[in-house]
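Residues 322 to 372 in the working numbering are what the sequence shown spells out, letter by letter. Cβ atoms here follow ideal geometry from the backbone N, Cα and C, with glycine treated the same way.
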Amino acid sequence: FAELEHAELRKRGATQDDIDGYEAADPSYMAVGAAIRYWKKYHSEMVGKET
322 FAELEHAELR KRGATQDDID GYEAADPSYM AVGAAIRYWK KYHSEMVGKE
372 T
């Protein structure tokens, strides 16, 4: 996930210093856990369902 996110930031003109600052403020590895908590809390009926 972090590599994809960093690639998107670079594509939009971010420097490595920008990416390092972004990671220091909001680490990518925390985003996955936050997304899981969000979906379980607000859309629990959809978690685990295949489409």
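Less than 6 Å between C-beta atoms, sequence neighbours within five positions excluded: which residues of the same chain meet that for V368? As a working mapping, residue 368 is identified with position 47 in the sequence shown. Cβ within range, chain order: W360 and K361.
query = Between H327 and the rest of its own chain, which residues show a CB-CB distance below 6 Å, the 5 nearest in sequence each way excluded?
reply = For the purposes of this step, residue 327 is taken as residue 6 along the sequence shown, with counting starting at 1. Contacts found: I340.
Exercise. Taking F322 as the reference, give the member of Y343, A346, E366 and Y350 with the closest Cα.
Key: The residue you call residue 322 lines up with position 1 of the sequence shown. When only C-alpha atoms are compared, the closest one is Y350.
CB contact flag (L325, Y343, <8 Å)
Residue 325 sits at position 4 when you count from the first residue of the sequence shown. Residue 343 sits at position 22 when you count from the first residue of the sequence shown. Cβ distance not < 8 Å, so L325 and Y343 don't count as in contact.
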